[in-house]
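Here's the structure we're looking at; comments come further down.
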Amino acid sequence: MRTSDQITALRKEGKLDEAYEMAKSWLADGSHQRGAESSLAWVIDAKIGAALKAGEHKRKGFSAETVSEVENLLYEYMALKEISRPGLVHSLILGRVLKVADRWDGFLRFVRWWGLDRFREEDFQPTKSGKKEHPPLFVRFMRSFAKSALASNDRAPLVLDDVIFVMEVLDRALRKLGEDEWLPLYYGRFLLSINNTEKAYPMLLQALRIRPREGWAWLELAAACRFQPERERICLGYGLELERNANKARPARLHLASKLAEAGHHDEAAYHLSQALKGFEGENEALSALAASDWYQQRAAGKIPAPASYEEAALELIFSDLGAPTLGVIDAVNPKRRVAHVSFANEVDTVLEFAAFPTLSEWGLGAVVEAWFGKNQETPLRLKRGDDGVEIERFLLTAKGKIRRRADQPFAFISGTVDAFVAPDLVSAHGLVNGQEATMRAVYAKKPNGLSRGWRALSVLELGEAPEQPAADETQKPKRKRRKARKDKSPTDSEPHSVETEESTTSEAQAGSIEAAPPIPQVDAAPVSDVPSEPKAPEPVSTSDPSA
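Every position in the sequence shown, counted from 1, becomes a number in this note's numbering once 128 is added.
Set out below in structure tokens:
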């Protein structure tokens with residue numbers, strides 16, 4: 129058996145020390161330099177993986193001993209001269225090293241050696257483990273690099289040369305990646321640690337736009353506004369409205385109370401100070417000094433009201449550059465699942481959770497909304513109540529006409545401005561009868577079956593007198609031969625009606641009322657973590673070896 133095969137067999141059997149000694153001896157022999165280095169590289173990769181597995185603690189992370197062991201193995205790998213870089217084993221080792229990046233002081237030196245041009249094409253593609261997709265190796269590398277730079281600077285301030293290097297690498301990464309969920313946040317935190325608030329602000333702003341309902345994200349943006357008092361106040365105020373962890377909120381409340389008191393806003397300062405004092409045990413000189421002040425003692429004697437919400441000012445601050453909003457309408461609500469379906473005039477349909485947009489639950493069916501979207505996003509970044517009386521050509525209008533309803537069916541139509549389907553809930557709620565004059569709000573959106581679009585009534589605005597209806601036996605007519613329904617079309621100026629027959633909509637009515645349609649997919653809302661974290665990448669898997 130060839131030496132390389134023997135080393136591979138030992139490695140796969142888990143006999144890493146034996147494989148390591150054999151590879152080292154073969155390398156020292158000098159007869160097959162390239163093959164020996166390749167075998168040793170694969171063994172080093174396996175030993176790093178074993179060290180990380182043995183040294184990881186669920187809560188404390190990796191010990192200093194584990195980091196030191198990995199570092200020594202890496203230096204041995206870096207001394208190999210015949211390894212293909214980029215290459216598979218090279219990428220596998222990097223994937224493992226990222227786990228200890230923020231605990232390893234030598235990681236910045238390692239990155240300088242590694243370089244940014246030693247990635248395979250595959251390293252820029254997402255990876256999968258089962259049905260779950262993970263970010264590309266290059267993305268994980270850049271995120272770890274930013275976090276490591278922050279951790280290193282916290283331990284001991286980086287020298288200017290290292291600061292410049294970190295910023296050059298991360299700027300280059302952002303240009304290459306375009307948008308990333310986590311990298312701007314980590315980069316922004318690093319910039320704050322070196323007091324570069326001017327550059328940190330747009331980074332943290334980009335991160336906040338992805339998660340505008342996270343209190344901690346607003347508090348971090350506030351740190352980048354320390355020289356802009358009004359912005360800082362808005363960010364702190366709204367962040368504290370969202371933050372539910374009293375202990376995490378306390379330093380920010382104390383800071384805001386102090387700033388408000390300096391500006392003479394004693395009523396609001398007293399509220400935040402009272403919240404900071406709740407449940408506090410221990411000593412805090414600044415907190416005690418504020419609590420002893422005359423302005424606070426006067427207000428603490430009575431009930432201290434909560435200040436007005438900062439929500440509108442905060443959202444205006446971070447979304448003011450998004451341009452004109454897209455108009456839409458709530459055309460289905462599911463209170464049990466706490467979601468609403470919104471159809472937009474640009475034919476985008478989306479399900480929004482009350483947890484992400486709490487005011488949705490108050491607006492109700494038929495409410496007009498203004499939404500601001502990010503690039504290539506179907507979920508809006510910002511949502512605002514619009515004018516419920518607005519008319520949007522070919523999408524939302526006030527329909528006037530007569531009710532068409534057969535006595536033996538629960539649904540109806542309104543024929544006039546447009547031909548719109550009226551769901552059973554609206555029919556029964558208002559007792560609509562055939563021939564009755566009506567004015568309704570109607571939307572051109574997906575039908576309950578989700579397969580096509582058509583006009584549907586949202587609400588009843590006005591009703592005329594209910595005409596006398598013929599006796600039941602006189603209204604019974606023999607069923608007409610079912611005719612083929614016309615293929616659904618978008619409404620045009622020359623063809624304003626979307627005509628539907630009673631027969632073609634029977635199944636639609638049976639699907640339920642507009643409150644239950646269009647069908648809203650099951651959404652399991654992920655819990656919001658107090659501490660931001662990105663998904664863990666899968667364990668690197670060696671897919672080939674020197675013996676292949």
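Heads up, the beta-carbon is just placed ideally off N, CA and C, and yes, glycines get one too. Quick caveat, the model's predicted, so the values are computed rather than measured.
Whole-number beta carbon distance between residue j and residue i, since they are thought to touch under 8 Å
i, j, result
"glycine 456", "phenylalanine 472", "4 Å"
"glutamate 204", "isoleucine 172", "6 Å"
"cysteine 353", "tyrosine 315", "The Cβ separation is near 17 Å, so there is no contact."
"glutamate 199", "alanine 179", "Their Cβ separation, rounded to whole angstroms, is 10 Å, which puts glutamate 199 and alanine 179 out of contact at 8 Å."
"glutamate 210", "glutamine 134", "Contact flag wrong, Cβ pair sits at about 20 Å."
"aspartate 679", "lysine 574", "No answer is possible for residue 679: the residues shown for the chain start at 129 and end at 676."
"lysine 512", "glutamate 498", "4 Å"
Bounding residues of the beta strand (DSSP E) (the contiguous stretch that carries residue i)
i, result
"isoleucine 458", "454 to 462"
"arginine 513", "510 to 513"
"alanine 585", "581 to 591"
"lysine 152", "First-last for lysine 152: 144 to 157, but that is the alpha helix (DSSP H), not the beta strand (DSSP E)."
Bounding residues of the alpha helix (DSSP H) (the contiguous stretch that carries residue i)
i, result
"aspartate 282", "265 to 283"
"alanine 557", "552 to 558"
"lysine 175", "161 to 183"
"arginine 397", "Note that residue 397 corresponds to alanine in the displayed sequence, not to arginine. Per DSSP, alanine 397 belongs to the alpha helix (DSSP H) from 394 to 405."
"serine 489", "488 to 491"
"threonine 567", "From DSSP, threonine 567 is part of no alpha helix (DSSP H) but of the beta strand (DSSP E) over 565 to 574."
"lysine 304", "288 to 305"
"threonine 136", "131 to 140"
"serine 257", "No alpha helix (DSSP H) holds serine 257; the beta strand (DSSP E) holding it covers 255 to 257."
"lysine 376", "374 to 390"
"cysteine 111", "A query on residue 111 cannot be resolved here, the shown segment of the chain reaching from 129 to 676 and no further."
"glutamine 426", "422 to 428"
"alanine 351", "343 to 351"
"leucine 680", "Absent from the structure is residue 680, since the part of the chain shown begins at 129 and ends at 676."
"leucine 236", "235 to 242"
Length of the line joining the Cα atoms of residue i and residue j
i, j, result
"glycine 559", "aspartate 547", "19 Å"
"valine 72", "phenylalanine 238", "Nothing can be reported for residue 72: it is not among the residues displayed for the chain, which extend from 129 to 676."
"alanine 350", "leucine 226", "30 Å"
"alanine 564", "glutamate 475", "The displayed chain sequence assigns glutamine, not alanine, to residue 564. Cα to Cα, the separation comes out at about 32 Å."
"serine 587", "glycine 494", "7 Å"
"lysine 530", "histidine 262", "56 Å"
"threonine 454", "leucine 480", "15 Å"
"alanine 420", "serine 386", "13 Å"
"tryptophan 242", "valine 496", "54 Å"
"aspartate 299", "arginine 248", "21 Å"
"asparagine 324", "alanine 414", "27 Å"
"arginine 381", "lysine 406", "11 Å"
"phenylalanine 549", "glutamine 597", "21 Å"
"glutamate 409", "alanine 436", "28 Å"
"asparagine 412", "alanine 284", "27 Å"
"aspartate 157", "methionine 206", "20 Å"
"leucine 244", "phenylalanine 235", "14 Å"
"threonine 507", "glycine 142", "48 Å"
"serine 276", "proline 357", "31 Å"
"alanine 429", "glutamate 371", "26 Å"
"valine 470", "aspartate 459", "6 Å"
"proline 552", "aspartate 516", "23 Å"
"leucine 364", "leucine 384", "7 Å"
"leucine 220", "lysine 140", "16 Å"
"serine 132", "arginine 303", "42 Å"
"glutamate 521", "leucine 313", "41 Å"
Chain-order list of residues whose beta-carbon lies under 7 Å from that of residue i (same chain, five-residue window excluded)
i, result
"phenylalanine 447", "Trp500, Leu509 and Arg510"
"arginine 532", "Ala540, Phe541, Ser543 and Asn562"
"alanine 301", "Met270 and Leu311"
"alanine 345", "Ala335, Leu336 and Arg339"
"leucine 155", "Ala164, Glu165 and Leu168"
"tyrosine 366", "Trp346, Tyr438, Glu439 and Ala442"
Identity of the residues DSSP links to residue i by a beta bridge
i, result
"aspartate 477", "Ser471"
"valine 496", "Val457"
"serine 543", "Lys530 and Asp547"
"isoleucine 520", "Leu524"
"phenylalanine 190", "Glu184"
"arginine 337", "DSSP lists no partner for arginine 337."
"histidine 262", "Thr255"
Own chain, CB closer than 6 Å to residue i, minus 5 neighbours either side, in chain order
i, result
"isoleucine 362", "Tyr438, Ala441, Ala442 and Leu445"
"alanine 279", "Asp230"
"leucine 138", "Glu146 and Ala147"
"isoleucine 432", "Ala398, Tyr399 and Ser402"
"glycine 306", "none"
Same chain, Cβ closer than 8 Å to residue i, five either side skipped, listed in chain order
i, result
"leucine 525", "Glu519, Thr545, Val546, Arg569 and Ala570"
"glycine 592", "Gln564, Glu565 and Ala566"
"proline 264", "Asp251, Phe252, Gln253, Pro254 and Thr255"
Test: residue i CB closer than 9 Å to a CB of chain B
i, result
"methionine 270", "Of the chains in the structure shown, none is chain B; there is only one protein chain."
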